[in-house]
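Using my numbering, the letters of the sequence shown map in sequence onto residues 2 to 338. These notes are about the structure you will find just below.
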Amino acid sequence: MPNDLTIPTACRLLPSDEQAIDRAAQLLAAGELVAFPTETVYGLGADAASPTAVAKIFAAKGRPADHPLIVHVAFPDEIDRWGRAIPPAAWDLAAAFWPGPLTLIVRRRSDVNSTVAGGLDTIAVRCPSHPIAHELLRRFGGGVAAPSANKFGKVSPTTASHVVAEFGDALPLVLDGGTCEVGLESTIVDLTGEKPAILRPGAITVMDLEAALGFTLAGSETSSTPCSGRLASHYAPLCRVQMVTLEGLRDELTSGVRQLGRTGYLVTQQYPDLDPAAVICLTSDASLYARGLYAALREADQRQFERLLVVDPPTGHPLSAAILDRLQKAAGPRNSD
Ligand code: TXA
Ligand code: MG
């Protein structure tokens, strides 16, 4: 047995965490909701095997019942408690990236309730690496259905206080694991077609997946699988988000259009003509940008900006595809449009 000194600090649980995790596992067993940290974003969890517990997630989030949830498991081999006819590629990806920020979509077992899958005959499974998530799943002993712990269509929470701000006292327990390391939701890979296809980009990139598989993925447009992360608008704050080039920013600043509303600027450096009071600054390091992005979108709402111009997100980095995907969703046409 390794002694305590061999366990990395990030994996060590404080005694207070231990008690809170036990309490959380009891609440899940009693059919209640629990919010918990993962390495990607905070999840709003319920016993995946209980249709009534799962229904509470849909009610709390205001999420349409046909939008399927991800089942979180403590150990990779639990995938076949939820899925059937698991293809070799799924096992290969699980071996390479679990526990970690990857969700696999496989065919649903007929004895798994369809509520959790939004009525689909497929099921999404993920084995998270966050030590609190892992301990919670291990102690609970079953699958935990968990969407991001935000209201439907809104920005995912990356701190416990984001979850509390969103749900107030409506949740019996929010486990606090600090700021999520990745900050963007997991990569989703659909394994139910002829070739695996990415439905949602994340920290596990196309290159990572193809290296592990030894062959290329299908283009995501070839998958007919529905996914709310693929709606034109999602992950959106209240303010209007717009992506602008540096040229567009210059035009905006010289045209005086900004006088029309309270405009904020999400930048990775100071630009001489920008009012510092209107600036939200993230570092240009792609990992840190991803980690801070959702908090920045929330800050834009807190500062009551009506518009948020996103100027210079990091490009050319493996995480850029996921960052740009979320920015485009945040900037997409609203359902009310
Ligand atoms: O990082 C994450 O994946 C986080 C943390 C909490 O694990 N969870 C998360 O869940 O982002 P949610 O519900 O916010 O997003 C799950 C996405 C949705 O876009 C949903 O449509 C898709 O997964 N999904 C789930 N089951 C599916 C299925 N059977 N077929 C296609 N898409 C599915
Ligand atoms: Mg979500």
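All C-beta atoms in this analysis are idealised placements derived from N, C-alpha and C, irrespective of residue type, glycine included. What you are looking at is a predicted structure, and each value in this text was computed from that prediction instead of being measured.
### Message
Using only CA atoms, which one of 33, 212, 320 and 18 lies nearest to residue 172?
### Response
Looking up residue 172 in the sequence shown gives position 171. It is 33 whose Cα lies nearest to the Cα of residue 172.
### Query
Ends of the alpha helix (DSSP H) at residue 125?
The count along the sequence shown starts at 1 and reaches residue 125 at position 124. Not the alpha helix (DSSP H): residue 125 falls in the beta strand (DSSP E), residues 123-127.
#### Entry: Per-residue burial, residue 45 [other beta carbons within 10 Å of its own, 16 or more giving buried]
Mapped onto the sequence shown, residue 45 falls at position 44. Counting Cβ neighbours within 10 Å, residue 45 comes out buried, since at least 16 surround it.
### Task
Determine, using beta-carbon pairs with one atom in the stretch 286-304 and one in the stretch 181-191, whether at least three such pairs fall under 8 Å.
Between the stretch 286-304 and the stretch 181-191 there are three or more C-beta pairs closer than 8 Å, enough to call the two in contact.
### Message
When you compare the CB positions of residue 201 and residue 326, do they come within less than 9 Å of one another, or not?
### Response
Taking the sequence shown and counting its residues from 1, the one referred to as residue 201 is at position 200. Taking the sequence shown and counting its residues from 1, the one referred to as residue 326 is at position 325. Cβ atoms of residue 201 and residue 326: closer than 9 Å.
#### Entry: Whether residue 128 touches residue 168 by CB criterion (9 Å)
Numbered from 1 along the sequence shown, position 127 holds the residue referred to as residue 128. Numbered from 1 along the sequence shown, position 167 holds the residue referred to as residue 168. Against a cut-off of 9 Å, the Cβ pair of residue 168 and residue 128 comes out as no contact.
### First through last residue of the alpha helix (DSSP H) which encompasses residue 249
Translated into the one-based positions of the sequence shown, residue 249 becomes position 248. Start and end: 247-256.
### Query
What are the boundary residues of the beta strand (DSSP E) that includes residue 48?
Sequence index remark: in the sequence shown, residue 48 carries index 47 (1-based). From DSSP, the beta strand (DSSP E) with residue 48 extends over 44-48.
### Query
If we ignore side chains and look at the alpha-carbon of each, how far apart do residue 370 and residue 208 end up?
Nothing can be reported for residue 370: it is not among the residues displayed for the chain, which extend from 2 to 338.
### Query
Taking 8 Å as the cut-off, does the CB of residue 157 come closer than this to any heavy atom belonging to ligand 2?
Walking along the sequence shown from the start, residue 157 turns up at place 156. Answer for residue 157: yes, Cβ within range of ligand 2.
### Task
Could you tell me how far apart the beta carbons of residue 281 and residue 265 are, in whole angstroms, since I believe they sit closer than 8 Å?
Here residue 281 corresponds to residue number 280 of the sequence shown, with the count starting at 1. Here residue 265 corresponds to residue number 264 of the sequence shown, with the count starting at 1. Right, their Cβ atoms sit about 6 Å apart.
### Query
Alpha carbon to alpha carbon, what distance is there between residue 51 and residue 324?
Locating residue 324 in the sequence shown gives position 323, counting from the first residue. Locating residue 51 in the sequence shown gives position 50, counting from the first residue. Taking the straight line from one Cα to the other gives about 34 Å.
### Query
Who does residue 159 pair with in a DSSP beta bridge?
Here residue 159 refers to the residue found at position 158 of the sequence shown. None, per the DSSP bridge assignment.
### Neighbourhood of residue 271 by C-beta distance below 8 Å, restricted to the same chain and skipping five residues each side
On the sequence shown, residue 271 is found 270 positions in, with the first residue counted as 1. Counting only residues of its own chain and dropping the five nearest sequence neighbours on each side, residue 271 has a CB closer than 8 Å to the CB of 277, 280 and 282.
### Query
Should residue 159 be labelled buried (16 or more other beta-carbon atoms within 10 Å of its own) or exposed?
Along the sequence shown, read from residue 1 onward, the residue named residue 159 stands at position 158. That one is buried.
### Message
Please tell me whether, using a cut-off of 8 Å, the distance from the CB of residue 294 to the nearest non-hydrogen atom of ligand 1 is below it.
### Response
For the purposes of this step, residue 294 is taken as residue 293 along the sequence shown, with counting starting at 1. Answer for residue 294: no, Cβ out of range of ligand 1.
### Task
Using 10 angstroms around the beta-carbon of residue 251, count the other beta-carbons present and answer buried if the total reaches 16, otherwise exposed.
If you number the sequence shown from 1, residue 251 lands on position 250. Exposed is the call here.
### Message
Just verifying my parser: in three-state terms, what is the DSSP assignment at residue 184?
### Response
Position 183 of the sequence shown holds residue 184. Note: residue 184 maps to coil in three-state DSSP.
### Message
Just list the residues that DSSP pairs residue 164 with in beta bridges.
### Response
Taking the first residue of the sequence shown as 1, we reach residue 164 at position 163. Its beta-bridge partners do not exist; DSSP assigns none.
### Query
Is it buried or exposed for residue 151, if we count other Cβ within 10 angstroms and need 16 for buried?
Looking up residue 151 in the sequence shown gives position 150. By the 10 Å Cβ count, residue 151 comes out buried.
### Message
Rounding to the nearest angstrom, what Cα-Cα distance links residue 298 and residue 334 in this structure?
### Response
Your numbering for residue 298 matches position 297 in the sequence shown. Your numbering for residue 334 matches position 333 in the sequence shown. Spanning the two alpha carbons is a distance of roughly 16 Å.
### Task
Using a threshold of 9 Å, state whether the C-beta atoms of residue 177 and residue 38 are closer than that.
One-based indexing of the sequence shown puts residue 177 at position 176. One-based indexing of the sequence shown puts residue 38 at position 37. For residue 177 and residue 38, yes; Cβs fall inside 9 Å.
#### Entry: Rounded straight-line distance, which links the Cα of residue 310 to that of residue 245
Counting from one through the sequence shown, the residue named residue 245 turns up at place 244. Counting from one through the sequence shown, the residue named residue 310 turns up at place 309. Each residue's Cα considered, the two are about 6 Å apart.
### Query
From which residue to which residue does the alpha helix (DSSP H) around residue 328 run?
Within the sequence shown, the letter at position 327 stands for residue 328. Its alpha helix (DSSP H) spans residues 321-332.
### residue 165 to residue 216 span [Cα, whole Å]
Within the sequence shown, numbered from 1, the residue matching residue 165 stands at position 164. Within the sequence shown, numbered from 1, the residue matching residue 216 stands at position 215. Distance from the CA of residue 165 to the CA of residue 216, rounded to the nearest whole angstrom, comes to 43 Å.
### Same chain, Cβ closer than 7 Å to residue 54, five either side skipped, listed in chain order
Within the sequence shown, numbered from 1, the residue matching residue 54 stands at position 53. So the qualifying residues of the chain are 32, 47 and 48.
### Task
Check whether the Cβ atoms of residue 104 and residue 133 lie closer than 9 Å to each other.
Mapped onto the sequence shown, residue 104 falls at position 103. Mapped onto the sequence shown, residue 133 falls at position 132. In this structure, residue 133 does not lie closer than 9 Å to residue 104 by Cβ.
### Message
Please confirm whether residue 278 has its beta-carbon closer than 9 Å to some beta-carbon of chain C.
### Response
Protein chain content of the structure displayed is limited to a single chain, and chain C is not contained in it.
### Task
Determine the burial state of residue 191: buried for a count of at least 16 other Cβ atoms within 10 Å of its Cβ, exposed for fewer.
Reading the sequence shown from its first residue, position 190 is the one you call residue 191. By the neighbour-count rule (16 or more Cβ atoms within 10 Å), residue 191 is buried.
### Query
At a cut-off of 8 Å, is residue 127 close to ligand 1 when judged by its beta-carbon and the heavy atoms of the ligand?
As a position in the sequence shown, residue 127 is number 126, starting the count at 1. Indeed, a heavy atom of ligand 1 lies less than 8 Å from the Cβ.
### Query
Does the count of Cβ pairs from the stretch 132-147 and the stretch 19-28 closer than 8 Å reach three?
yes
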